[in-house]
Amino acid sequence: MAIFTIGDPHLSLAANKAMDVFPGWQNYVARLEENWKRLVGAADTVVIPGDISWGMDLSEALPDLQFLDRLPGKKILLKGNHDYWWVTMKKLEEAKAAYSLNSLTFLFNNAVTVENIAVCGTRGWGAEEKADGGKVIRREAGRLRLSIEAAVATGLPPVVFLHYPPFYNDGDLVCEEIYSVLLEYGIRRCYFGHLHQERSGKYRSFTRDGIVFSLVSADFLDFCPKQIEESITKL
């Protein structure tokens, strides 16, 4: 069973917010679907770290969730800054049951075991937005800690997925509250999204303090789910 990841699909099957107006996003839903079906098998898992749907509420996001559910494999979803439809875990689970979204799992203050790794993470917050979000950052750091602790409790290596990158400006600007949690638990792999177009070129995979950070925004990956390296399951 393979594990893939791809962030920021920005689906808009019911909302009037298609991404085709942006460079590189033309026909993006069809491209994503074609690549997904070519790469991902029924026994595989895909982690989607945020900005899943432009829906403003759960009913508007439902067609996007159903689209993902129909694609091959299991999917692990976490919240992005544009996922306004994201509600409480109880309501998400109720919607999952009501609409038989059986291939979807929501990551929120918890961890999900896949093969011999434990998937964990949270939305995070932008280091460049810290002045306006100190309270939010502290809350997100707490959620990250809860998720990693749940992963550690499984006895499997924790692999972190964030929506926001923990660094900006080529690593000069750091979201210390989030980054310190990664260091505290000895995390070795961290995948993130959020960055697009001209901003994404500065954030290719890099290593800092023994942690490998990788950008997995959909447009950065040319709408091809990225298979997690085999070595990640052996850490």
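In my numbering, the protein residues as written are 1 to 235. By construction, the Cβ of each residue, glycine as well, lies at the ideal position given by its N, Cα and C atoms. Keep in mind the model is a prediction, meaning the values are calculated, not measured.
Residue i classed as buried or exposed, judged by whether at least 16 other C-beta atoms fall within 10 angstroms
i: Glu34; result: exposed
i: Val21; result: exposed
i: Ser231; result: Bear in mind that a pLDDT of 39 at Ser231, under 50, signals an unreliable position, so the number given afterwards is only what the model happens to contain. So Ser231 ends up on the exposed side.
i: Pro23; result: exposed
i: Ser59; result: exposed
i: Lys75; result: buried
i: Gly210; result: exposed
i: Ser53; result: buried
i: Lys90; result: exposed
Cross-strand partners of residue i (DSSP beta bridge)
i: Pro158; result: Ala118
i: Arg208; result: Ile211
i: Arg188; result: Beta-bridge pairing links Arg188 to no other residue.
i: Phe167; result: Val174
i: Ser217; result: Gly7
For residue j and residue i, the rounded distance between their alpha carbons
i: Asn110; j: Ala118; result: 10 Å
i: Ser147; j: Cys120; result: 5 Å
i: Thr233; j: Ala151; result: For Thr233, the predicted structure reports a pLDDT of 41, less than 50, and the residue's modelled location is therefore unreliable. A value from the coordinates is still provided. Computed Cα separation, rounded: 14 Å.
i: Leu104; j: Leu39; result: 18 Å
i: Leu195; j: Cys175; result: 15 Å
i: Asp69; j: Arg139; result: 30 Å
i: Thr207; j: His82; result: 28 Å
i: Pro49; j: Ile6; result: 7 Å
i: Lys37; j: Gln197; result: 25 Å
i: Asp219; j: Trp25; result: 7 Å
i: Val181; j: Phe161; result: 13 Å
i: Phe177; j: Pro165; result: Reading off the sequence, residue 177 comes out as Glu, not Phe. Rounded to whole angstroms, Glu177 to Pro165 spans 12 Å at the Cα level.
Contact set for residue i: own chain, Cβ-Cβ below 8 Å, skip 5 residues either direction
i: Glu93; result: Phe106
i: Gln227; result: Ala2, Ile3, Phe4 and Leu39
i: Ser205; result: Val212, Phe213, Ser214 and Leu215
Same chain only: Cβ atoms within 6 Å of residue i, ignoring 5 sequence neighbours per side
i: Ala18; result: Ser12
i: Tyr185; result: Ile148
i: Leu235; result: Low local confidence applies: a pLDDT of 38 at Leu235 is under 50, so the model's placement there is unreliable, with the coordinate-based value given in what follows. The residues are Pro157 and Arg188.
Residues near residue i in its chain [Cβ-Cβ closer than 7 Å; skip 5 each side]
i: Asp222; result: none
i: Gly55; result: Ala14, Ala15, Ala61, Asp64 and Trp85
i: Leu183; result: Asp209
i: Val87; result: Leu58
Assess contact between the stretch 111-126 and the stretch 143-150, defined as three or more Cβ pairs (one per stretch) separated by less than 8 Å. Is contact present? Touching, yes.
Below 8 Å, how does it come out for the stretch 148-161 and the stretch 8-27: are there three or more Cβ pairs, yes or no? no
If we count Cβ pairs, one from each stretch, closer than 8 Å, do we get three or more for the stretch 203-215 versus the stretch 183-190? yes
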